[in-house]
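Visitor:
Protein chains: 2
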Amino acid sequence: MLLNKEDIEGLENRYRGLFINALSGMKAAHLIGTCDGHEHSNLAIFTSVFHIGSHPPLLGMISRPHSVARHTLENILETKHYSINHVNESIYQQAHQTSARYDRSTSEFQAVGLSEQWIEDFPAPFVEQSRVQLGMELREHQHLAINNTDMIIGEIIHINIKDDIVSDDGYVAVGRAESVMVSSLDTYHSCDLLSRLSYAKPGAAAQLAEKADSSLKK
Amino acid sequence: MLLNKEDIEGLENRYRGLFINALSGMKAAHLIGTCDGHEHSNLAIFTSVFHIGSHPPLLGMISRPHSVARHTLENILETKHYSINHVNESIYQQAHQTSARYDRSTSEFQAVGLSEQWIEDFPAPFVEQSRVQLGMELREHQHLAINNTDMIIGEIIHINIKDDIVSDDGYVAVGRAESVMVSSLDTYHSCDLLSRLSYAKPGAAAQLAEKADSSLKK
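So the sequences go chain by chain: A and B. Each residue of the first sequence is one higher than the one before, counting from -5 in my numbering. Each residue of the second sequence is one higher than the one before, counting from -5 in my numbering.
1) Using the C-alpha atoms, what's the distance from alanine 16 of chain B back to leucine 210 of chain A?
2) So with Cβ pairs under 9 Å, would you call valine 121 of chain A a contact of chain B?
3) Would you verify that the beta carbon of glycine 31 of chain B is, or is not, closer than 9 Å to some beta carbon of chain A?
4) Are the beta-carbon atoms of glutamate 122 of chain A and asparagine 36 of chain A separated by less than 9 Å?
5) Examine the ligand FMN and report whether any of its heavy atoms sits within less than 8 Å of the Cβ of aspartate 186 of chain B.
6) Applying the criterion that 16 or more other CB atoms from any shown protein chain within 10 Å of the CB defines a buried residue, is aspartate 180 of chain A buried or exposed?
7) Suppose you measure from the CA of proline 50 of chain A to the CA of glycine 164 of chain A; what does that come to, to the nearest Å?
8) Return yes when the Cβ of histidine 80 of chain B is within less than 9 Å of the Cβ of glycine 19 of chain A, no when it is not.
9) Hey, threonine 143 of chain B and glycine 148 of chain A: beta-carbon distance below 9 Å or not?
10) Closest to serine 189 of chain B by CA distance: which of B:Leu(-3), B:Ala167 and B:Ala171 is it?
11) In chain order, what residues of the same chain lie with their CB nearer than 7 Å to the CB of histidine 135 of chain A, ignoring the 5 residues before and after it?
12) Please classify arginine 58 of chain A as buried or exposed, where buried requires at least 16 neighbouring CB atoms within 10 angstroms.
13) Assuming contact is defined by CB atoms lying nearer than 9 Å, are isoleucine 78 of chain A and glutamine 111 of chain A in contact in what I supplied?
14) Going by DSSP, name the residue or residues bridged to tyrosine 182 of chain B.
15) Where do the N-terminal and C-terminal ends of the alpha helix (DSSP H) with alanine 38 of chain A fall, by residue?
16) Do glycine 129 of chain B and alanine 118 of chain B count as a contact pair if the criterion is CB distance below 9 Å?
17) Taking the CB atoms as reference points, tell me whether alanine 38 of chain B and threonine 66 of chain B lie closer together than 9 Å.
18) Please name the residue, chosen from B:Ser124, B:Thr100, B:His152 and B:Gln91, that lies closest to aspartate 115 of chain B on a Cα-to-Cα basis.
19) Are the C-beta of proline 51 of chain A and some C-beta of chain B separated by less than 9 Å?
20) On the CB-based measure, 16 or more other CB atoms within 10 Å of its CB, does tyrosine 86 of chain A come out buried or exposed?
21) Suppose you measure from the CA of arginine 98 of chain B to the CA of glutamate 33 of chain B; what does that come to, to the nearest Å?
22) Could you check where the alpha helix (DSSP H) with asparagine 15 of chain A kicks off and where it finishes?
23) Under the DSSP definition of a beta bridge, which residues are partnered with serine 138 of chain B?
24) Could you spell out where the alpha helix (DSSP H) holding asparagine 69 of chain A opens and where it closes?
25) Mind checking if serine 109 of chain B is an interface residue toward chain A, Cβ cutoff 9 Å exclusive?
26) Determine, using beta carbons only, whether cysteine 185 of chain A and serine 177 of chain A come nearer to each other than 9 Å.
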């Protein structure tokens, strides 16, 4: 299938949504937990969280103009904090269900059957069922005029992660946490290890390193 | 494993790199093809391509300050064009090898054994071995002062994708293209379909829709 700019512009709207959303490849699924100033919690699935840097530890995400996720954006701007929780195979159907257009007074936690987990001095709820929980502090908010979306950049200030998926050198076996991936808007996938490769140097062909799992704590 | 802000700041550098890079979850792997004004082609693996919107079709990516990927950034700013090519299971080792610090006069295509594919009126090379090839036009470039990285936003103006992975409604079976995912810096994964879910509505529990594969063209 070969499309030029004109062909792309001519795509039917629903087709376009499914098609273009698939082109960036698989996307990790995250549940974003927030709270407004009146203790109404909110939970929304995002597939646009991306790594910006590790020192300081920064993650970005995109909030779309029309979506229910606006509640998330408003809460983040109000409290300057949010949680990012990996979606795993046990909870991906509930996670998907958070994308329904609940009204503002409804907590998606309750509506979809996930549990709030709170820690001291952090004004946003985590998802108890998630195996990788990140507490985020807002660092930057940018409106992207090019298509009326918003980019949020946050710093990771709290990490709660299952010990048995972290290896001695810092590698995290995200696959072992059964974190799921989304292609397009609605199709969920699990991941299987292919291999861990060694640091690439000019002149040397990439060599298969030991399987990542072998370096994990038993 | 529970870390607060102080713990995170105290992480040893190499550990931090592997650890923090894993926290955003699995990342799709892409090869970015560029060319400078003197017909020197360049190819670099990126794991930070993210979806910004489908109308217009926009993808973002992050270029890091220290990396060899600066050649990619310089070429994009010079020619205003680049290609994004999905990395699949057959070529992920070559793709990883593009991250070696080759000098500027070396084409990574040649160095790692991938083939350039050119189309008319597009000033950047595609990767022939990739099953999802996107031709991009630069729309926005932002320096992110927060950590000295650069964000590139491009519009998809050319799509070349294998017919047999596109279903009638526009869904693309990225998993069938054997596109690979990276966790942390160096660990590659394949994806397996869990299920395609129906559009979420309040009041209805998420229901498993037919397996995505069943809606694919035979």
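All residues carry an ideal CB built from backbone N, CA and C; glycine is no exception. The structure displayed is predicted, hence computed values, not measured ones.
Guide: Quick look at the numbers:
1) Reliability of the predicted coordinates at leucine 210 of chain A is poor, the pLDDT of 45 falling under 50, and the value obtained from them is presented with this limitation in mind. One alpha carbon belongs to leucine 210 of chain A, the other to alanine 16 of chain B, and they sit about 14 Å apart.
2) Interface annotation, valine 121 of chain A: not in contact with chain B, CB-CB separation never under 9 Å.
3) Against chain A, the CB of glycine 31 of chain B has no partner CB under 9 Å away; the residue lies outside that interface.
4) Not a contact, by the Cβ cut-off of 9 Å.
5) Among the ligands in the structure shown, none appear at all, so the ligand FMN cannot be discussed.
6) So aspartate 180 of chain A counts as buried.
7) Approximately 16 Å, taken between the alpha carbons.
8) For the pair glycine 19 of chain A and histidine 80 of chain B, the CB atoms are nearer than the 9 Å cut-off.
9) Not closer than 9 Å, so no.
10) Out of B:Leu(-3), B:Ala167 and B:Ala171, B:Ala167 has the C-alpha closest to the C-alpha of serine 189 of chain B.
11) Cβ neighbours of histidine 135 of chain A beyond the five flanking positions: Leu71, Asp144 and Ile146.
12) Classified as buried, arginine 58 of chain A has 16 or more neighbouring CB atoms from the shown chains inside 10 Å of its CB.
13) No, they are not a contact pair.
14) DSSP output for tyrosine 182 of chain B lists A:Ser189 and B:Val176 as bridge partner(s).
15) First-last for alanine 38 of chain A: 35 to 40, but that is the beta strand (DSSP E), not the alpha helix (DSSP H).
16) Yes, Cβ-Cβ distance for alanine 118 of chain B and glycine 129 of chain B is below 9 Å.
17) In contact: alanine 38 of chain B and threonine 66 of chain B (Cβ atoms closer than 9 Å).
18) The residue with the shortest Cα to Cα distance from aspartate 115 of chain B is B:His152.
19) Using a CB distance cut-off of 9 Å, proline 51 of chain A counts as an interface residue toward chain B.
20) By the neighbour-count criterion, in which a residue is buried when 16 or more other Cβ atoms sit within 10 angstroms of its Cβ, tyrosine 86 of chain A is buried.
21) Near 12 Å, if we compare the C-alpha coordinates of glutamate 33 of chain B and arginine 98 of chain B.
22) Counting along the chain, the unbroken alpha helix (DSSP H) around asparagine 15 of chain A starts and ends at 7 to 17.
23) The question names serine, but residue 138 of chain B is leucine in the sequence shown. DSSP output for leucine 138 of chain B lists B:Thr143 as bridge partner(s).
24) Where asparagine 69 of chain A is concerned, the enclosing alpha helix (DSSP H) stretches over 64 to 73.
25) Interface flag for serine 109 of chain B against chain A is unset, since no Cβ pair is found closer than 9 Å.
26) For cysteine 185 of chain A and serine 177 of chain A, no; Cβs fall outside 9 Å.
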